[in-house]
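For the sequence shown, the working numbering gives the first residue as 1458, with consecutive numbering after it. Idealized CB from N, CA, C, for every residue including glycine. Here the structure is a predicted model, which means the values were calculated and not measured.
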Amino acid sequence: MDISKLNELITPSGTMAISNKAKMLKKEGKPVIGFGAGEPDFATPGYVIDDVKKASENPENHKYSGVAGLEVLRNEISRTTNLYSGFNASPDNIVVSNGGKHAIFNTLISILDKDDEVLIPSPYWTTYPEAVKIAGGIPKVIATNFSDNFKVTVDQLNENLTNKTKALVWVSPSNPTGTVYTKEEAEVIFEWAFKNNIWIISDELYEHLVYEGEKTPSPAIYDPELKNTIVVNGVAKAYAMTGWRVGWIIANDEVISIAKKIQSHATSNVSNLSQIAATSALQNGLEETNIMKEAFNKRRLSAFDVFNNIDNIKIARPNGAFYLFPDISYYCNNKIKNVSNSIEFCDWLLEEHYIAFIPGEVFGAEGYFRCSYALSENELSEGLKRFTEAIKDL
Ligand SMILES: Cc1ncc(COP(=O)(O)O)c(C=O)c1O
């Protein structure tokens, strides 16, 4: 029997592929150190767990609830958005979904018609192009340059603009590069999108993980009626809550109405207990987030130094998220037997040296790898020592 042509169009998550291989080796007893994690290595704050325990006894939480999300959570999202991001988001303009990933799917399905084009600067988070394709659109990948610190320019956007362009995916801090746009740089891009009547899908999941200087303003600040802007956010990264699966969109009435219709048929409400967990995280402020951020910052600087001191590696100092994205192309030129690209280099590092990095191809950028520093300080230094040893004579 035939199955959907999507099968040929989309690829499975490449991050998962290397993580699974690393897990298998670990199971075999190999001393694998993983730099692949896209999640904090910290535990969800204790007060979240306490609140969920209490809530689990309440029979109301065992029933269906409103599609858009619990009122108490949408009120908290509204309050904290105003507090941290500096724009007004009415609770009625929020739809809570199963993580930021699901929020991005809802967004794309809500705004795209068949063959609409979506601009995606690369290196990109691996899900964006696949999500666009699933929603019937066409991802238009724009390769940014190392020399521009992986920031997209208006010239590049203009070169890729067609009468089919519907949206731009915007993320700062970025996964996988950790790049953070300045206010001035962001303003130029927002102005370009507003002028050309392009949606900006602003993925703000890493907004609290900026280490130096100001964070990038949300486009919603410049577009208070959300005519062109859809904000995506969630609790996964800032509150160490990846497994709870709570994210949301903030958008205008029209988008919210269609997103609710879509979600009402797809998943209905997000698990009530997870929503209560997210409410608790937001109500309790950023103290735990900032403790985690301090630890990440220490690791960011030490890991950056290791790569930066290797002659054959080029690296920009990233200012956000928990990733480094060094240019390792020097090692992808058959210096090692059967290694002619970054996938093969990462395979070699994993199989021969038991260190797992995610190859740049997964993010649309061959010749790089992503190094997450969301792992313990001991593992980080041991793993990087192993890496330095592995490449020292090449
Ligand atoms: C840039 C970016 N956006 C969205 C997500 C999705 O987060 P969630 O776990 O809430 O689905 C991730 C997760 O890795 C991410 O890196």
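Asked                                                                                                                                                    : Found
For Ala1546 and Phe1761, I'd like the C-alpha separation in whole angstroms.                                                                             : 37 Å
Quickly, what does DSSP pair Ser1829 with across the bridge? List them, please.                                                                          : Tyr1780
Would the segment 1765-1782 count as touching the segment 1720-1738 if we require 3 or more Cβ pairs under 8 Å?                                          : no
On a Cα-Cα basis, can you pick out the residue from Asp1660, Ile1577 and Leu1569 that is closest to Ala1600?                                             : Ile1577
Run the Cβ filter for me: residues under 6 Å from any heavy atom of ligand 1, listed in the order they occur in the chain.                               : Gly1495, Gly1556, Gly1557, Lys1558, Trp1582, Val1628, Asn1632, Asp1660, Leu1662, Gly1691, Ala1693, Thr1699 and Gly1704
Between Gly1704, Glu1745 and Ser1604, which lies nearest to Arg1915 when the distance is taken from Cα to Cα?                                            : Residue 1915 lies beyond the stretch modelled for the chain, which goes from 1458 to 1851, so this question has no answer here.
So Leu1743 and Ile1591 are in contact, right, with Cβ under 8 Å, and what is the actual spacing, rounded?                                                : The Cβ separation is near 34 Å, so there is no contact.
Between Asn1741 and Phe1814, what straight-line distance do the alpha-carbon atoms span, to the nearest angstrom?                                        : 34 Å
Just to check my reading of the structure: Ile1568 and Thr1622 have Cβ atoms closer than 8 Å, yes? What is that Cβ distance to the nearest angstrom?     : So it is not a contact: roughly 12 Å between Cβ atoms.
Pick from Val1727, Ile1848 and Gly1593: whose alpha carbon is nearest that of Ser1461?                                                                   : Gly1593
Which same chain residues, not among the five before or five after Gln1613, have their C-beta less than 6 Å away from its C-beta?                        : Ile1599
Residues in the same chain with beta-carbon distance under 6 Å from Ala1831, minus the five sequence neighbours each way, listed in chain order, please. : Ala1494, Pro1497, Asp1498 and Phe1779
Which full runs of the alpha helix (DSSP H) of 4+ residues lie inside the segment 1718-1767, going along the chain?                                      : 1729-1740 and 1744-1765
Nearest to Gly1556 by CA position, among Asn1795, Pro1783, Phe1844 and Asn1690, is which residue?                                                        : Asn1690
Report buried or exposed for Leu1666, applying the criterion of at least 16 other Cβ atoms within 10 angstroms of its Cβ.                                : buried
Within the chosen definition, does the segment 1676-1696 reach the segment 1794-1808 through at least 3 CB pairs nearer than 8 Å?                        : no
Would the beta-carbon of Asn1706 fall within 9 Å of that of Thr1564?                                                                                     : Per the sequence presented here, residue 1706 reads as Ile, with Asn not at that position. Yes. Within cutoff.
With a threshold of 16 other CB atoms inside 10 Å of the CB of Ile1785, please say whether the residue is buried or exposed.                             : buried
Thinking C-beta only, is Ser1631 closer than 9 Å to Phe1607?                                                                                             : yes
Whose C-alpha, out of Thr1636, Val1611, Leu1540 and Ala1560, is nearest the C-alpha of Pro1580?                                                          : Thr1636
Could you tell me whether the segment 1615-1629 touches the segment 1508-1521, where touching means 3 or more Cβ pairs closer than 8 Å?                  : no
For Glu1806, report the span of its alpha helix (DSSP H) as first-last.                                                                                  : As written in the sequence, residue 1806 is Leu, which differs from the Glu given in the question. Residues Ser1799 to His1810.
Based on DSSP bridge pairs, tell me the residues matched to Val1575.                                                                                     : Pro1596 and Ala1624
With H, G and I counted as helix, E and B as strand and the rest as coil, what does DSSP make of Gly1817?                                                : helix
Would Ile1490 pass as a contact of Arg1843 if the rule is Cβ separation under 9 Å?                                                                       : yes
Consult DSSP for Val1667 and reduce its assignment to one of helix, strand or coil.                                                                      : strand
Relative to the C-alpha of Tyr1787, which candidate in Ile1713, Asn1539, Asn1798 and Phe1753 has its C-alpha closest?                                    : Asn1798
Return the residue from the list Ile1561, Phe1603, Ile1713 and Pro1502 that minimises the CA-CA distance to Tyr1825.                                     : Phe1603
By DSSP's criteria, Val1688 is part of a beta bridge. Which residues make up the other side?                                                             : Ser1659 and Ile1707
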